[in-house]
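Student: Attaching a single structure in structure tokens format; questions to follow.
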Amino acid sequence: MTETKEFAKRRKHLMQDMGADSIAILPTAGEQVRNRDVNYTFRPDSDFLYLTGFWEPESVLVLIPGRKHGEYVLFCREKDEAQEVWHGRRAGQEGVLAAYGADDSFPITDIDEILPGLMENKTRVFYTMGIHADFDQRLTGWVNQLKQKVRMGVNAPGEFVALDHPLHEMRLFKSANEIKMMKKAASISCQAHKRLMKTCKPGLLEYQLEAEFVHQCLFNGCRDLAYPSIVGGGENACILHYTENDAPLKEGDLVLVDAGGEYHGYASDITRTYPVNGHFSPEQKALYELVLEAQQAAIEMVYPGSHWNAPHEVAVKVITKGLVRLGLLKGRVDKLIKDAAYKAFYMHRTGHWLGLDVHDVGDYKIDNEWRMLEPGMVLTIEPGIYTGDNRKIAKKWRNIGIRIEDDVRVTRTGYEVLTANAPKSVAEIETLMAADSASVISPKKEAVKPGKRAVSQKRAVSQKKAVSQKRALSQKKALSRKKATSPKKATLKKKTVSRKKGISRKKAVSSKKAVTRKKAVASASGKKKVVRKKRVSKTKSTRKTNAVRKNHVKNK
Numbered sequence: 088m089t090e091t092k093e094f095a096k097r098r099k100h101l102m103q104d105m106g107a108d109s110i111a112i113l114p115t116a117g118e119q120v121r122n123r124d125v126n127y128t129f130r131p132d133s134d135f136l137y138l139t140g141f142w143e144p145e146s147v148l149v150l151i152p153g154r155k156h157g158e159y160v161l162f163c164r165e166k167d168e169a170q171e172v173w174h175g176r177r178a179g180q181e182g183v184l185a186a187y188g189a190d191d192s193f194p195i196t197d198i199d200e201i202l203p204g205l206m207e208n209k210t211r212v213f214y215t216m217g218i219h220a221d222f223d224q225r226l227t228g229w230v231n232q233l234k235q236k237v238r239m240g241v242n243a244p245g246e247f248v249a250l251d252h253p254l255h256e257m258r259l260f261k262s263a264n265e266i267k268m269m270k271k272a273a274s275i276s277c278q279a280h281k282r283l284m285k286t287c288k289p290g291l292l293e294y295q296l297e298a299e300f301v302h303q304c305l306f307n308g309c310r311d312l313a314y315p316s317i318v319g320g321g322e323n324a325c326i327l328h329y330t331e332n333d334a335p336l337k338e339g340d341l342v343l344v345d346a347g348g349e350y351h352g353y354a355s356d357i358t359r360t361y362p363v364n365g366h367f368s369p370e371q372k373a374l375y376e377l378v379l380e381a382q383q384a385a386i387e388m389v390y391p392g393s394h395w396n397a398p399h400e401v402a403v404k405v406i407t408k409g410l411v412r413l414g415l416l417k418g419r420v421d422k423l424i425k426d427a428a429y430k431a432f433y434m435h436r437t438g439h440w441l442g443l444d445v446h447d448v449g450d451y452k453i454d455n456e457w458r459m460l461e462p463g464m465v466l467t468i469e470p471g472i473y474t475g476d477n478r479k480i481a482k483k484w485r486n487i488g489i490r491i492e493d494d495v496r497v498t499r500t501g502y503e504v505l506t507a508n509a510p511k512s513v514a515e516i517e518t519l520m521a522a523d524s525a526s527v528i529s530p531k532k533e534a535v536k537p538g539k540r541a542v543s544q545k546r547a548v549s550q551k552k553a554v555s556q557k558r559a560l561s562q563k564k565a566l567s568r569k570k571a572t573s574p575k576k577a578t579l580k581k582k583t584v585s586r587k588k589g590i591s592r593k594k595a596v597s598s599k600k601a602v603t604r605k606k607a608v609a610s611a612s613g614k615k616k617v618v619r620k621k622r623v624s625k626t627k628s629t630r631k632t633n634a635v636r637k638n639h640v641k642n643k
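Have a look at this one:
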């Protein structure tokens with residue numbers, strides 16, 4: 088943010104140019120109605136912002152060199168608690184004295200009573216007519232009031248001097264702080280352009296790329312854009328100030344994006360052109376590299392002492408030569424340039440001043456001669472080629488629009504490209520677009536025109552419902568089948584188990600019977616053995632008895 092001291096320095100410089108017995112009057116821009124009771128977002132007049140840094144509407148700056156009660160007077164809105172609840176905070180008279188360096192401040196509602204008195208006995212009024220029509224009439228009325236007081240010894244101003252001439256000459260030369268602001272705007276915008284290259288895919292709509300750019304700028308500190316974005320795919324790139332941005336991006340086309348963010352009032356202005364699918368065709372590449380060659384040659388002509396038109400002259404020469412080489416123009420290059428034959432393909436200038444306004448203030452000629460470039464100036468370099476639906480050239484060259492634009496500062500020794508971080512060579516662009524990067528927006532197979540969005544959304548919803556219903560039915564059927572088959576399986580399992588149990592029982596019974604049989608046999612055999620043993624023992628005893636008897640008989 089610009090410091091209060093720098094604004095004071097600017098006002099002092101301007102008052103020195105004005106001289107004594109003069110007064111400068113500069114109103115800010117008024118609020119503009121968008122529709123019914125909705126206003127556009129307020130943005131101050133750039134001249135007013137340059138001298139005050141004050142962003143509130145309904146304000147008027149007055150500079151009076153040598154005034155005893157203060158040279159810097161600011162008319163603005165009063166503090167109002169009720170209005171501030173609805174519409175936001177106001178600085179009020181005390182606020183502008185404390186925060187904005189004003190020497191004196193009055194309510195804007197009192198300007199009709201106070202400002203004519205401040206104009207008394209001033210010989211010159213520095214004011215730019217034709218910008219604020221309503222205020223022009225009020226100022227004329229105040230001067231006429233003073234003329235009616237001539238018999239009272241009051242002199243009315245007799246000379247009106249355009250304020251824009253000295254003020255715009257000041258704005259043309261950027262301070263170190265201004266360059267810092269512009270570099271910040273450029274840096275944020277370059278990152279946004281990179282993001283678009285990564286996001287771009289066939290099937291996206293132009294405004295989807297635009298939305299991505301707006302998001303990146305606002306998210307990173309640019310509270311607004313410097314101008315409406317141009318996002319033109321295919322033949323739309325051949326419309327220089329195309330802003331509809333509602334067509335689908337097609338396979339095989341180029342897309343031209345001319346967009347820049349605004350940081351604390353300072354603009355960036357960048358254009359990049361690249362293939363929707365990430366790869367240049369041979370014809371696209373040939374024309375693109377021709378534009379890039381012209382831009383690089385033009386940038387080399389930016390240095391102190393070079394005149395304003397030098398970059399344009401070089402760009403025209405390079406483009407004309409290239410068009411002849413590619414067969415799109417026929418004839419001698421010098422003659423084609425003299426006859427402006429190149430304008431069938433390149434019809435605009437190569438650049439403009441850049442600052443608080445995207446087409447910033449400052450003279451391009453002095454005494455009817457192109458002015459010399461000096462350190463502190465900032466300009467754009469933006470050659471292009473636009474073939475359009477030109478029936479005089481082969482079909483393969485038609486409907487190709489290419490522009491490459493950078494912001495360039497004039498330094499003491501040459502130049503500095505503030506927007507160098509936005510890729511622009513064929514290799515850089517194709518490499519970046521081929522990289523595996525996460526995209527916020529996924530491309531659709533078929534682009535939907537704005538008028539058909541509601542129908543397509545309804546169809547999508549109905550299709551989703553149908554799919555979900557089918558899924559639900561199939562799931563129910565699957566469940567019912569499972570339930571139907573589960574009892575059968577259960578019975579089969581039970582039968583199998585029962586069969587197994589029966590077999591095991593039979594086995595158990597048979598094994599028991601076998602055991603009992605074995606036991607019975609064993610017991611029977613045991614009994615037989617006992618009986619046999621008894622029989623053997625009886626036989627032995629009888630034999631002993633018989634032997635005893637025989638011996639007894641013999642003895643007798």
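Just so we're aligned: the sequence shown equals residues 88 to 643 in the numbering used here.
A virtual CB, placed ideally from N, CA and C, is assigned to each residue, including glycine.
Could you compute how far the alpha carbon of residue 370 sits from the alpha carbon of residue 422?
Tutor: Within the sequence shown, the letter at position 283 stands for residue 370. Within the sequence shown, the letter at position 335 stands for residue 422. C-alpha separation (whole angstroms): 25 Å.
Student: In this structure, how does DSSP classify residue 579 when only helix, strand and coil are distinguished?
Tutor: Along the sequence shown, one-based indexing puts residue 579 at 492. The predicted position of residue 579 is uncertain, since its pLDDT is 38 and thus under 50; a value taken from the coordinates is nonetheless stated next. Of the three classes helix, strand and coil, the one that applies to residue 579 here is helix, per DSSP.
Student: Once you ignore the five residues that flank residue 148 on each side, which residues in its own chain have a CB closer than 7 Å to its CB?
Tutor: Walking along the sequence shown from the start, residue 148 turns up at place 61. Closer than 7 Å at Cβ, skipping near neighbours: 113, 135, 138, 139 and 161.
Student: Give me, in chain order, the residues of the same chain whose beta-carbon lies closer than 8 Å to that of residue 124; leave out the 5 immediate sequence neighbours on both sides.
Tutor: In the sequence shown, residue 124 corresponds to position 37, counting from 1. Around residue 124: no qualifying Cβ.
Student: Residue 279 bridges to which residues according to DSSP?
Tutor: To locate residue 279, count along the sequence shown from 1; it is residue 192. None; residue 279 has no bridge partner.
Student: May I ask you to report which of helix, strand or coil DSSP gives residue 159?
Tutor: As a first step, residue 159 must be located in the sequence shown, where it is residue number 72. DSSP places residue 159 in strand when its eight states are reduced to three.
Student: Report the CB separation of residue 320 from residue 293 in whole angstroms; it is logged as a contact under 8 Å.
Tutor: Locating residue 320 in the sequence shown gives position 233, where the first residue counts as 1. Locating residue 293 in the sequence shown gives position 206, where the first residue counts as 1. With 8 Å as the limit, residue 320 and residue 293 qualify as a contact, their Cβ atoms being about 6 Å apart.
Student: DSSP three-state call for residue 585: helix, strand or coil?
Tutor: The sequence position of residue 585 within the sequence shown is 498, counting from 1. At residue 585 the pLDDT is 44, less than 50, meaning the model places this residue with poor confidence and gives no usable figure here.
Student: Under 6 Å Cβ to Cβ from residue 103, same chain only, skipping five residues before and after it: list those, please.
Tutor: As a working note, residue 103 is residue 16 in the sequence shown. For residue 103, where only same-chain residues beyond five positions count, there are no Cβ hits under 6 Å.
Student: Please determine, among 283, 265 and 121, the residue with the shortest C-alpha to C-alpha distance to residue 520.
Tutor: As a position in the sequence shown, residue 520 is number 433, starting the count at 1. Of the candidates 283, 265 and 121, the one whose C-alpha sits nearest the C-alpha of residue 520 is 283.
Student: So, helix, strand or coil for residue 520, using DSSP?
Tutor: If you number the sequence shown from 1, residue 520 lands on position 433. If DSSP states are grouped into helix, strand and coil, residue 520 belongs with the helices.
Student: Using CA coordinates, which residue listed in 328, 225 and 322 is at the minimum distance from residue 336?
Tutor: Mapped onto the sequence shown, residue 336 falls at position 249. Comparing Cα positions, the closest option is 322.
Student: State the Cα-Cα distance for the pair residue 414 and residue 285, rounded to the nearest angstrom.
Tutor: Start at 1 with the first residue of the sequence shown, and residue 414 comes out as number 327. Start at 1 with the first residue of the sequence shown, and residue 285 comes out as number 198. When rounded, the distance between both Cα atoms is 33 Å.
Student: By how many angstroms is the C-alpha of residue 493 removed from the C-alpha of residue 453?
Tutor: Working through the sequence shown from its first residue, we reach residue 453 at position 366. Working through the sequence shown from its first residue, we reach residue 493 at position 406. If you take the alpha carbons of residue 453 and residue 493, they lie about 25 Å apart.
Student: Could you check if residue 119 is buried or exposed, using at least 16 other CB atoms within 10 Å of its CB as the buried criterion?
Tutor: As a first step, residue 119 must be located in the sequence shown, where it is residue number 32. Flag for residue 119 reads exposed.
Student: Any idea if residue 261 is buried or exposed, counting beta-carbon neighbours within 10 angstroms, 16 or more meaning buried?
Tutor: Numbered from its first residue, the sequence shown carries residue 261 at position 174. With 16 or more Cβ atoms within 10 Å of its Cβ, residue 261 is classed as buried.
Student: What do you get for residue 359, buried or exposed, if any count of 16 or more other CB atoms within 10 angstroms of its CB means buried?
Tutor: Taking the first residue of the sequence shown as 1, we reach residue 359 at position 272. When all chains shown are included, residue 359 counts as buried.
Student: Got a sec, what are the start and stop residues for the alpha helix (DSSP H) residue 381 sits in?
Tutor: In the sequence shown, the residue the question calls residue 381 occupies position 294. Element bounds for residue 381: 369-386.
Student: Alpha carbon to alpha carbon, what distance is there between residue 243 and residue 330?
Tutor: For this step, residue 330 is matched to residue 243 along the sequence shown. For this step, residue 243 is matched to residue 156 along the sequence shown. Taking the straight line joining both Cα atoms gives about 48 Å.
Student: Given this structure, state the Cα-to-Cα distance separating residue 436 from residue 469, to the nearest angstrom.
Tutor: Against the sequence shown, residue 436 aligns to sequence position 349. Against the sequence shown, residue 469 aligns to sequence position 382. Going by the C-alpha atoms only, they are around 8 Å apart.
Student: Starting from residue 246, follow the alpha helix (DSSP H) in both directions and report where the run begins and ends.
Tutor: If you number the sequence shown from 1, residue 246 lands on position 159. Unbroken run through residue 246 is the beta strand (DSSP E), 246-248; no alpha helix (DSSP H).
Student: If you draw a straight line from the alpha carbon of residue 338 to that of residue 485, how long is it in whole angstroms?
Tutor: Numbered from its first residue, the sequence shown carries residue 338 at position 251. Numbered from its first residue, the sequence shown carries residue 485 at position 398. Approximately 15 Å, taken between the alpha carbons.
Student: What three-state label does DSSP hand residue 394 in the structure shown?
Tutor: As a working note, residue 394 is residue 307 in the sequence shown. Three-state DSSP puts residue 394 in a strand.
Student: By the three-class DSSP mapping on this structure, what secondary structure does residue 227 have?
Tutor: On the sequence shown, residue 227 is found 140 positions in, with the first residue counted as 1. Helix at residue 227.
Student: How would you write the range of the beta strand (DSSP E) that residue 193 sits in, first residue to last?
Tutor: Residue numbering aside, residue 193 sits at position 106 when the sequence shown is read from its first letter. Taken as a continuous stretch (DSSP letters only), the beta strand (DSSP E) holding residue 193 covers 191-194.
Student: Using DSSP with H/G/I as helix, E/B as strand and the rest coil, what is residue 492?
Tutor: Position 405 of the sequence shown, counted from the start, is the residue given in the question as residue 492. Three-state DSSP puts residue 492 in a strand.
Student: For a test of the three-state rule: what should DSSP assign to residue 152, helix, strand or coil?
Tutor: Within the sequence shown, residue 152 is the residue found at index 65, counting from 1. Residue state, collapsed to three classes: coil.
Student: What are the start and end residues of the alpha helix (DSSP H) that includes residue 450?
Tutor: Against the sequence shown, residue 450 aligns to sequence position 363. Unbroken run through residue 450: none, as it is neither H nor E.
Student: Does the count of Cβ pairs from the region 374-386 and the region 443-463 closer than 8 Å reach three?
Tutor: no
Student: Exposed or buried, residue 143, counting other C-beta atoms within 10 Å across all chains shown (16 or more means buried)?
Tutor: As a position in the sequence shown, residue 143 is number 56, starting the count at 1. Buried.
Student: Contact check, residue 247 vs residue 214 under 8 Å by CB: the rounded distance?
Tutor: Within the sequence shown, residue 247 is the residue found at index 160, counting from 1. Within the sequence shown, residue 214 is the residue found at index 127, counting from 1. Indeed, because the Cβ distance is near 6 Å, the residues count as touching under 8 Å.
Student: Assign residue 127 to buried or exposed, taking buried as 16 or more other Cβ atoms, counted over all protein chains shown, within 10 Å of its Cβ.
Tutor: Here residue 127 corresponds to residue number 40 of the sequence shown, with the count starting at 1. With fewer than 16 other Cβ atoms from the protein chains shown falling within 10 Å of its own Cβ, residue 127 counts as exposed.
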